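As structure tokens, the structure follows; a few thoughts come after it.
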Amino acid sequence: MKRLVILGAGTAGTMVANRLARELEFEDWRITVVDSDRVHYYQPGFLLIPFGLYERRHVVRPKRDYLPRRVETLFGTVHHIDPERNKVYLEDGRGLAYDYLIIATGSHIHPEETPGLAEDGWNRSIFTFYDLEGSLALARKLRAWEGGRLVLNVAEMPIKCPVAPLEFLFLADWYFHQRGIRDRVELVYATPLPGAFTKPKASEMLGGLLAEKGIQVVPEFNVMEVDPDGRRLISYDDQVVEYDLLVSVPVHMGSEAIERSGMGDELNFVPTERHTLKAKHHDNIFVLGDATDLPASKAGSVAHFQVDVFVPNFKRYVEGLELLPTFDGHANCFIESGFGKGLLIDFNYDVEPLPGMYPLPGLGPMPLLRESRVNHWGKLLFRWIYWNILLKGKELPLPAQMSLAGKWTHGGGHHG
Amino acid sequence: MSTAELQAKLNVALDPEGFLVDPEDWTPEIAEVLAQEEGIQLTERHWQVIRFVRDYYREHGEPPTLRAITKRSGVPTKELYQLFPKGPAKKVARIAGLGKPKGCI
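Sequence order for the protein chains is L and C.
If you're matching positions, the first sequence starts at 1 in our numbering and goes up one per residue.
If you're matching positions, the second sequence starts at 1001 in our numbering and goes up one per residue.
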């Protein structure tokens, strides 16, 4: 009997548990999932809560309902991994031996990393929508807000879902229009990036949308501290950005258990081979989802594409075959742009988001890198797909590796 | 000085943004010239960062992020911005002869 331990039952951990529970022989494998939280969060939904589009009930479910019966589920906090002895230790002292380990411990926000951020002003004039309680508090604040200068600040890269800050601003523009106070609201985006996004073509397109909507960008702004009394952000090179209402995307880090195990980089992300998802320093450990240090987006779509290529590769590997370099960094995101419209972008390690059409079986082609209503409906439909298909590890008719079909690879042309 | 002139003066290949194409071509003399180009007079503190960045590159195959530099080089972030104003991660990588750091996604 071989033992497989999966750390984390978030998006990546739940998907891989479901897939492996179906595909590994029951007689040969014992699978255990460990997580400290009994609640599964639909994290993409946090973005919609501040604007009253979703409520708590749309984004939470019991984790146990989404894990297969044959998988043993342990609710407890991992203290550390001992990769030399192939053992995981929980905080309550329990030890779990494994033959293979999958680390899917995700990434979490750390507002305390930025001085002044999570102090006096926290949930009064400083908010985040990167966790459930924060987005609910922000919803209450926005309902009664009379206007002023709203600054969205990204503290440091990498963050989960790097398009979410832009979506927040687009939705805020729409929301304040609907409330009839858009003329009394200034929207500002202070980011460490040189522009709206990390990839040139998408950055240009999204930057254009920000300008069109009257949203000001402060690029290359690396926040050093927040002065909650003076309502100011101060950067390392002494730039100052003033705010009435600050919406922060705090520093993201991997699990503290990774730090305690001495297995992470300076942000507790695990060094991972970019095309096989094996931990760089350990031959029986794999890393999925946000927990990796890969230069790919920390996003559910990436976790999904990873699981798709990982499962067949893992089955080869345990049979003694070599791993295939099948993960290409594929990401695919809907971007809400407000007023009932949305964009879709599709990219990987090497190919930046391009305009064109995304051939989606069943639903028909969806426009890429361009606003449309069908993309907005795609995003709303996605919540149902997430809970009912994706998490349960059922097949979704999307290829895991990025395809150039339908993408316009030359400026202006329709064929590429 | 244009990239072409700089290339001729240093006798090494530079990419269009002025980064060394091959980190193995780097010498401390090249660092001095590139730093001057950026308006920086190198001090022992600068060299502490440059040496750290080169060692990191040898170990990891890519230039370190800003956080990796400040967490491990012994030079705090605020000072790093004073030593290499406006985008320290990028400036250090250039002076240390490494490629442009890939922005996170």
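All C-beta atoms in this analysis are idealised placements derived from N, C-alpha and C, irrespective of residue type, glycine included.
These numbers come from a predicted model, not from an experiment.
Item: Among L:TYR358, L:GLU259 and L:GLU395, which has the Cα closest to the Cα of GLY378 (chain L)?; Value: L:TYR358
Item: Is the shortest distance between the beta-carbon of ASP92 (chain L) and the beta-carbons of chain C less than 8 Å?; Value: no
Item: Can you tell me the Cβ-Cβ gap for VAL1092 (chain C) and ILE1040 (chain C), rounded? I've got them flagged as a contact below 8 Å.; Value: Going by Cβ atoms, the distance from VAL1092 (chain C) to ILE1040 (chain C) rounds to 10 Å, so no, they are not a contact pair.
Item: Along the chain, where does the beta strand (DSSP E) containing ALA331 (chain L) start, and where does it finish?; Value: 331 to 338
Item: List the residues of chain L that ARG1067 (chain C) touches, going by C-beta distances under 8 Å, in chain order.; Value: GLU156, GLU266 and LEU267
Item: Going along the chain, which residues of the stretch 1034 to 1066 of chain C sit with their C-beta nearer than 7 Å to a C-beta in chain L?; Value: none
Item: Closest to ASN222 (chain L) by CA distance: which of L:GLU167, L:TYR189 and L:GLN216 is it?; Value: L:TYR189
Item: With a cut-off of 8 Å, does the C-beta of GLU119 (chain L) fall near any C-beta of chain C?; Value: no
Item: Does the distance from the CB of VAL59 (chain L) to the CB of GLY76 (chain L) come in under 8 Å?; Value: no
Item: Within 8 Å (strictly less), CB to CB, does THR1077 (chain C) reach chain L?; Value: yes
Item: Please specify which runs of the beta strand (DSSP E), each continuous and at least 3 residues long, are wholly inside the stretch 54 to 104 of chain L, giving them in chain order.; Value: 60 to 62, 72 to 75, 78 to 82, 87 to 90, 95 to 97 and 100 to 103
Item: Can you pull the chain C residues whose beta carbon is under 9 Å from the beta carbon of MET224 (chain L), in chain order?; Value: THR1077, LYS1078 and TYR1081
Item: Hey, would you say TYR1057 (chain C) sits closer than 8 Å to LEU1098 (chain C), going by beta carbons?; Value: yes
Item: Once you ignore the five residues that flank GLU225 (chain L) on each side, which residues in its own chain have a CB closer than 6 Å to its CB?; Value: PRO115, GLY116 and ILE234
Item: When we look at the beta-carbon of PHE26 (chain L) and count the other beta-carbons within 10 Å, is it buried (16 or more) or exposed?; Value: exposed
Item: Using the rule of at least 16 other Cβ atoms within 10 Å of the residue's Cβ for burial, across every protein chain shown, is ALA144 (chain L) buried or exposed?; Value: exposed
Item: How many angstroms separate the CA atom of PRO68 (chain L) from the CA atom of THR14 (chain L)?; Value: 9 Å
Item: Would GLY340 (chain L) and PHE334 (chain L) be called neighbours here (beta carbons separated by less than 8 Å)?; Value: no
Item: Residues in the same chain with beta-carbon distance under 7 Å from PRO158 (chain L), minus the five sequence neighbours each way, listed in chain order, please.; Value: HIS252 and LYS298
Item: Just the Cα atoms here: how many angstroms apart are ASP37 (chain L) and VAL78 (chain L)?; Value: 11 Å
Item: Quick one: which chain L residues come within Cβ less than 7 Å of LYS1091 (chain C)?; Value: Neighbours of LYS1091 (chain C) on chain L: none; closest Cβ ~12 Å, over 7 Å.
Item: TRP29 (chain L) by DSSP, collapsed to three states: which one?; Value: strand
Item: To the nearest angstrom, how far is the alpha carbon of ASP308 (chain L) from that of ALA400 (chain L)?; Value: 6 Å
Item: Do ILE389 (chain L) and PRO83 (chain L) count as a contact pair if the criterion is CB distance below 8 Å?; Value: no
Item: Answer with buried or exposed for LYS394 (chain L), where buried requires no fewer than 16 other C-beta atoms within 10 angstroms of its C-beta.; Value: exposed
Item: Mind listing, in chain order, the continuous beta strand (DSSP E) runs of no fewer than 3 residues lying wholly within the stretch 98 to 174 of chain L?; Value: 100 to 103, 107 to 109 and 148 to 154
Item: Residues of chain L with a CB under 8 Å from the CB of GLY1074 (chain C): which are they?; Value: The premise fails here: GLY1074 (chain C) is roughly 14 Å from chain L at the closest Cβ pair, so nothing lies under 8 Å.
Item: Does LYS1086 (chain C) get closer than 8 Å to chain L when you measure Cβ to Cβ?; Value: yes
Item: Under a three-way DSSP split, which group does ASP183 (chain L) fall into?; Value: helix
Item: If you drop the 5 nearest sequence neighbours on each side, which residues of the same chain put their C-beta closer than 7 Å to that of TYR66 (chain L)?; Value: THR14, HIS40, LEU391 and LYS392
Item: Counting only runs of 4+ residues fully inside the stretch 1044 to 1093 of chain C, write out the alpha helix (DSSP H) ranges in chain order.; Value: 1044 to 1060, 1066 to 1072 and 1077 to 1083
Item: Which whole-angstrom value describes the C-beta separation of LEU4 (chain L) and ASP92 (chain L), a residue pair presumed to lie in contact below a C-beta threshold of 8 Å?; Value: About 21 Å; that fails the 8 Å criterion.
Item: Please report the Cβ distance between ALA1096 (chain C) and ALA1013 (chain C), rounded to the nearest whole angstrom; I am assuming they are in contact, meaning their Cβ atoms lie under 8 Å.; Value: About 16 Å; that fails the 8 Å criterion.
Item: Under a three-way DSSP split, which group does LEU1010 (chain C) fall into?; Value: helix
Item: In the DSSP assignment, find the unbroken beta strand (DSSP E) run with GLN216 (chain L) in it and report its ends.; Value: 215 to 218
Item: Could you tell me the distance, in whole angstroms, from the CA atom of VAL249 (chain L) to the CA atom of SER372 (chain L)?; Value: 27 Å
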